[in-house]
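Trainee:
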Amino acid sequence: MRRSILFYFIMSLIFLSFVSCSSKRTAAYDQRKQEAKQEQRYDEGEEIINKARDRHYDMQTADTQRRMRETKRKSESWNYRGHPFYVRWYRAFISLFK
């Protein structure tokens with residue numbers, strides 16, 4: 119009698135350890151699945167925004183489209199920084215004495 123109770127107790131502990139380990143794997147799988155869904159939604163949102171931007175551009179007149187292109191080029195050239203600020207400052211400082 120005592121041996122059978124001990125046997126069932128040990129078997130239940132083994133069973134519980136297997137059950138608890140498998141839940142961790144499924145939780146990680148579910149988390150990866152949700153992250154993939156979230157990334158897909160983000161990509162779909164970006165695609166919708168790009169389509170709306172293209173539609174807005176196509177609705178403009180030719181003159182306005184030309185001005186929009188020029189403004190975009192100017193803003194890209196102003197926002198581009200090829201070197202860190204301290205290099206640009208040093209070069210500007212040196213150029214004062216040339």
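Residues 119 to 216 (the numbering used here) are what the sequence shown spells out, left to right. The beta-carbon is built from N, C-alpha and C at its ideal position, and this holds for glycine as well.
1) In whole angstroms, what is the alpha-carbon distance linking F127 and T144?
2) By the three-class DSSP mapping on this structure, what secondary structure does F215 have?
3) What did DSSP end up calling M177 once you bin it into helix, strand or coil?
4) Distance check for Y208 and S193, CA to CA, integer angstroms please.
Mentor: Walking through what the data contain:
1) 26 Å
2) DSSP places F215 in the coil class of the three-state scheme, outside both helix and strand.
3) helix
4) 24 Å
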